[in-house]
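**Student:** Per the numbering used here, the sequence shown runs over residues 168 to 281. For every residue, glycine included, the Cβ atom is placed at its ideal position computed from N, Cα and C.
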Amino acid sequence: METLYRYVDNGENAALIAQDVYDVIQANKQTFDDAIVDKRDWDYDFFGYKTLERAYLLKVHGKVVERPQYMMMRVAIGIHKTDVASAIDTYNLLSEKVYTHATPTLFNAGTKKP
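#1: Taking C-alpha atoms, which residue in Gly-245, Lys-248, Gln-236, Asn-195 lies nearest to Asn-259?
#2: Distance, Cα to Cα, Ile-192 vs Leu-273?
#3: Helix or strand or just coil, what does DSSP make of Lys-280?
#4: Per the contact definition of three or more C-beta pairs closer than 8 Å, is the stretch 239 to 248 in contact with the stretch 215 to 222?
#5: By Cβ distance, which residues of its chain are closer than 6 Å to Ala-254, with the 5 residues on each side in sequence left out?
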């Protein structure tokens, strides 16, 4: 998230994460890091991962810098902001594939254009 927040393009700040979301992440980073279940990234087949990579995972200078679990946490934090417990609950539901949000939410939640 640090890379996404500090992104600079053509010498100008081009942060991909909204300031309020970044502030929540910084205030609760250990809690969020502890909630991430890295092995769930392996629950995607090749086509599923390539779809995420092509369309949903955030990129810096054309390179993917967000893994699926971090995308889902970004979305959850973007929806719930300072309600950390709800963000983690939503993250778990998304990452366990109980449900997913529509494309506009996956694209934009947590970004500067939510």
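**Tutor:** Quick look at the numbers:
#1: For the purposes of this step, residue 259 is taken as residue 92 along the sequence shown, with counting starting at 1. Nearest option by C-alpha distance: Gln-236.
#2: If you number the sequence shown from 1, residue 192 lands on position 25. If you number the sequence shown from 1, residue 273 lands on position 106. For Ile-192 and Leu-273, the distance between alpha carbons rounds to 18 Å.
#3: By 1-based counting over the sequence shown, the position of residue 280 is 113. The answer is coil: DSSP assigns Lys-280 none of H, G, I, E or B.
#4: no
#5: Here residue 254 is taken as the residue at index 87 of the sequence shown, counted from 1. Cβ within range, chain order: Ala-243, Ile-244, His-247.
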